[in-house]
Amino acid sequence: MTIKKKKRRKKRAPKQYELPETQEEKAKVQYRDDFQTTVGKKLEDFGSKLEGKGRMIMYGIGALIVLAVIAGLFYMSQRRADNRAQAALGEAIKTSSARITDAPQPPDAIEKVFKTKKERAEAAITELQNVSTTYGGQYAEKAAYLIAINRLDIDRAAGIKELEGIATGSTKEASMAKFALAQTRVDDGKLDEAAKLYSELLQADDPVISKVTINTALAKIYEKQGKKKEAVAIYFEIAKAASEAKDAQDKPIPLTQSETEAKAKLEELDPEKAKEIKEPEPADPGLPSGVLN
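The sequence shown begins at 428 in this note's numbering and counts up by one.
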């Protein structure tokens with residue numbers, strides 16, 4: 428008995444994956460970048476596994492794969508871009524805070540140094556403008572604020588004008604610009620304007636700059652204006668709150684620089700008022716670990 432061999436049927440790719448055969452069809456194929464290629468390859472691999480099981484299944488699950496791949500690639504790309512932006516911004520900040528010195532540097536020195544504040548500010552602004560142009564978005568906002576700060580060392584009037592423009596916004600950079608602007612008002616002897624700016628910052632629900640820092644700056648203005656009572660009231664509140672602060676283990680929290688300064692100012696301006704604040708009791712060290720009563 429002769430067994431007839433069945434002719435093997437060539438599997439044909441699903442229509443959506445058929446390659447162009449004619450020159451005209453080839454001309455219609457568009458260039459696909461790496462992103463498109465990756466997504467397409469994922470779909471083709473998955474499509475071959477589902478061949479013959481229904482297009483609806485493939486389309487449904489395929490759509491999920493597309494979303495997953497897109498999300499993954501976007502996240503990786505965004506993270507790389509953020510890392511580059513943060514590194515560039517960090518370098519610009521490092522430049523803006525570099526040492527000022529006339530001393531000659533060794534040939535192999537890697538530390539950035541500048542001869543004048545103006546020279547340093549110009550270098551920092553160039554780097555910050557590059558960050559703004561290259562990365563935009565939140566990095567452009569941060570760069571704009573830092574550019575204005577550095578501009579003060581080149582053209583003070585122009586720097587103040589830039590800070591005034593930024594301070595009208597509602598971003599974190601706007602709050603920092605308002606604080607810097609208040610400091611320039613103090614330097615210019617415009618104490619009422621400075622006090623108004625500090626008071627506005629204190630009204631923020633989620634201040635970027637600590638309220639202790641802002642209140643300390645405001646108290647200093649009151650001192651300059653001869654408003655001793657108002658200054659003492661602020662210093663007292665800061666020192667009292669700091670003396671009562673406890674951590675999760677109910678131990679006193681060390682005073683910050685601003686709190687220490689407020690306490691010293693209170694003792695200087697009104698020693699009797701300062702006595703109302705109880706010194707925090709030293710924490711009980713307890714028994715060493717492993718020792719029983």
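Positions of the beta carbon are idealized from the N, C-alpha and C atoms, including for glycine.
Fill in: Delimiting residues of the alpha helix (DSSP H) encompassing Ser559
Within the sequence shown, the letter at position 132 stands for residue 559. Here the alpha helix (DSSP H) through Ser559 covers 544-562.
Worksheet item: Once you ignore the five residues that flank Leu555 on each side, which residues in its own chain have a CB closer than 6 Å to its CB?
Response: Within the sequence shown, numbered from 1, the residue matching residue 555 stands at position 128. Counting only Cβ-Cβ distances below 6 Å, and skipping sequence neighbours, we find Ala519, Ala570, Leu573, Ile574.
Discussion item. Could you tell me the alpha carbon to alpha carbon distance between Ile537 and Ala550, rounded to whole angstroms?
Written reply: By 1-based counting over the sequence shown, the position of residue 537 is 110. By 1-based counting over the sequence shown, the position of residue 550 is 123. Rounded to the nearest angstrom, the two C-alpha atoms are 16 Å apart.
Worksheet item: Looking at the unbroken alpha helix (DSSP H) that takes in Val639, where does it start and where does it end?
Response: For the purposes of this step, residue 639 is taken as the residue at position 212 of the sequence shown. From DSSP, the alpha helix (DSSP H) with Val639 extends over 638-651.
Worksheet item: When we look at the beta-carbon of Thr522 and count the other beta-carbons within 10 Å, is it buried (16 or more) or exposed?
Response: In the sequence shown, residue 522 corresponds to position 95, counting from 1. Buried, by the Cβ-count rule.
Worksheet item: Is there contact here, the stretch 621-629 with the stretch 663-671, by at least three beta-carbon pairs under 8 Å?
Response: no
Discussion item. My output table needs one value for Thr611: the three-state DSSP class, helix, strand or coil.
Written reply: Here the question's residue 611 lines up with position 184 in the sequence shown. Reduced to three states, the DSSP call for Thr611 is helix.
Fill in: Stretch-stretch touch, CB-based, cutoff 8 Å, three pairs: the stretch 630-643 with the stretch 677-687
yes
Fill in: Assigned secondary structure, Pro698 (DSSP; H/G/I helix, E/B strand, else coil)
On the sequence shown, position 271 is the one that residue 698 refers to. Helix at Pro698.
Discussion item. By the DSSP assignment, the alpha helix (DSSP H) with Ile704 in it spans what residues?
Written reply: Translated into positions along the sequence shown, residue 704 becomes position 277. Segment: none, Ile704 is in no alpha helix (DSSP H) and carries neither H nor E.
Discussion item. Let me check one thing: in DSSP terms, what residues is Val635 bridge-paired to?
Written reply: For the purposes of this step, residue 635 is identified with residue 208 of the sequence shown, where counting begins at 1. Paired residues: none, contrary to the question.
Practice prompt. Identify whether Lys673 lies in helix, strand or coil by the three-state DSSP scheme.
Written response: Sequence index remark: in the sequence shown, residue 673 carries index 246 (1-based). Residue state, collapsed to three classes: strand.
Discussion item. I need the boundaries of the alpha helix (DSSP H) containing Asp580, first residue and last residue.
Written reply: The sequence position of residue 580 within the sequence shown is 153, counting from 1. Counting along the chain, Asp580 falls outside any alpha helix (DSSP H), and DSSP gives it neither H nor E.
Practice prompt. From the DSSP output, in three-state form, read off Ile527 for me.
Written response: Translated into the one-based positions of the sequence shown, residue 527 becomes position 100. Looking at Ile527 - three-state DSSP - the assignment turns out to be strand.
Worksheet item: Taking buried to mean at least 16 other C-beta atoms within 10 Å of its own C-beta, is Lys702 buried or exposed?
Response: As a working mapping, residue 702 is identified with position 275 in the sequence shown. Classification of Lys702: exposed, given that the 10 Å Cβ count is below 16.
Practice prompt. Measure from the alpha carbon of Ile581 to the alpha carbon of each residue in Ser559, Glu699, Ala548, then state which is nearest.
Written response: Here residue 581 is taken as the residue at index 154 of the sequence shown, counted from 1. Nearest option by C-alpha distance: Ala548.
Worksheet item: Considering Ala536, what are the terminal residues of the alpha helix (DSSP H) in which it resides?
Response: Position 109 of the sequence shown, counted from the first residue, corresponds to residue 536. No alpha helix (DSSP H) contains Ala536, which DSSP labels as neither H nor E.
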